[in-house]
Amino acid sequence: MILHVEQVTKNFGGLLALADVSFDLPEGWIMGLIGPNGAGKTTLFNILNGVYPPSLGRVIFRGEDITGRSPYLVARSGMARTYQVVRPLSELTVRENAMVGACFGREQHSKSSAKQAADNALAVVGLDDRAEQLAGTLNLSQKKRLEMARAVAARPHLLLLDEVLAGLNPSEVSRMLEIIRCIRDQGITILIIEHVMQAVMNVSEKIIVLESGAVIAEGTPDQVVSNPKVIEAYLGDPEQARLLMA
61 MILHVEQVTK
71 NFGGLLALAD
81 VSFDLPEGWI
91 MGLIGPNGAG
101 KTTLFNILNG
111 VYPPSLGRVI
121 FRGEDITGRS
131 PYLVARSGMA
141 RTYQVVRPLS
151 ELTVRENAMV
161 GACFGREQHS
171 KSSAKQAADN
181 ALAVVGLDDR
191 AEQLAGTLNL
201 SQKKRLEMAR
211 AVAARPHLLL
221 LDEVLAGLNP
231 SEVSRMLEII
241 RCIRDQGITI
251 LIIEHVMQAV
261 MNVSEKIIVL
271 ESGAVIAEGT
281 PDQVVSNPKV
291 IEAYLGDPEQ
301 ARLLMA
């Protein structure tokens with residue numbers, strides 16, 4: 061297992077954001093993390109990459125306990141992430157944005173060697189032809205791909221994707237799913253938060269469902285969409301669940 065999450069709990073004062081969350085992520089898989097707004101998905105990401113320490117529990121990454129480790133150390137150990145709200149360094153070029161990931165990632169490239177790593181990542185996401193363009197001039201779909209390129213340039217073992225499909229039209233979603241699969245095919249394990257249900261169901265080998273900070277279901281997409289707890293808490297009705305897998 062590349063990632064082992066063991067009984068992770070997070071309290072913010074009197075608010076219980078995560079309650080006894082446990083799961084394993086096999087190396088080389090794409091795993092989806094779904095649930096209603098406020099279920100604790102992004103809080104879990106923030107614990108995995110060190111933004112918050114858990115109140116209880118452990119995070120084991122590649123056999124090493126990284127619980128509470130600072131984000132820059134987690135990045136150096138080989139975990140990278142994107143953010144739901146994209147914030148490129150607008151006055152830098154597309155290439156320079158990707159170079160930031162290369163310099164502060166697992167391989168800690170120098171400025172001179174970061175260029176090649178950045179160009180390789182831009183090619184993966186289809187932005188190599190915009191390398192000299194200012195990042196602030198990109199549209200939303202391109203900015204999301206740049207966010208992914210910056211993470212890929214860090215040469216991670218595990219990539220956390222936070223709603224990279226949000227706000228995209230169907231053709232852009234299809235293109236993004238191709239990129240996600242391509243990244244996985246390069247040997248990078250992926251954990252993805254997503255609300256575009258049909259897409260995440262079709263790209264993931266395994267799904268974890270959070271509701272009110274707790275895991276209410278775990279399994280293959282087929283198992284999850286037929287789970288009565290998931291239908292009640294998130295999908296709404298059995299017919300909608302059936303359409304997701306059509």
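In terms of my numbering, the sequence shown is numbered consecutively and its last residue is 306.
For each residue, glycine too, the CB sits at the ideal point set by N, CA and C.
{"Query": "Between the CA atoms of R205 and F83 - distance to the nearest angstrom", "Result": "28 Å"}
{"Query": "Assigned secondary structure, A191 (DSSP; H/G/I helix, E/B strand, else coil)", "Result": "coil"}
{"Query": "Run of the beta strand (DSSP E) containing T69, from where it starts to where it stops", "Result": "L63 to F72"}
{"Query": "Cβ pair count under 8 Å reaching 3, the region 230-246 against the region 92-110", "Result": "no"}
{"Query": "L149 - DSSP class collapsed to helix/strand/coil", "Result": "coil"}
{"Query": "Reduced DSSP secondary structure (H/G/I, E/B, other) of G92", "Result": "strand"}
{"Query": "Y132 to N109 span [Cα, whole Å]", "Result": "9 Å"}
{"Query": "Residue environment, Q202, which counts as buried when at least 16 other CB atoms sit within 10 Å", "Result": "buried"}
{"Query": "Chain C contact for V145 (CB, 9 Å cutoff)", "Result": "Here there is only one protein chain, and chain C is not present."}
{"Query": "DSSP three-state assignment for T280, whether helix, strand or coil", "Result": "coil"}
{"Query": "Identity of the residues DSSP links to M139 by a beta bridge", "Result": "L218"}
{"Query": "Under 9 Å between C-beta atoms of E278 and V284", "Result": "yes"}
{"Query": "Helix, strand or coil at E124 according to DSSP, with G and I counted as helix", "Result": "strand"}
{"Query": "Cα-Cα separation, S272 to S172", "Result": "46 Å"}
{"Query": "3-residue-minimum beta strand (DSSP E) runs that sit fully inside the region 207-272, ordered along the chain", "Result": "218-222, 249-253 and 266-271"}
{"Query": "Backbone secondary structure at M305 - three-state DSSP", "Result": "Any answer about M305 is weak, because its pLDDT of 47 lies below 50 and its placement is not dependable; what the coordinates show is given next. M305 falls in the coil class under three-state DSSP."}
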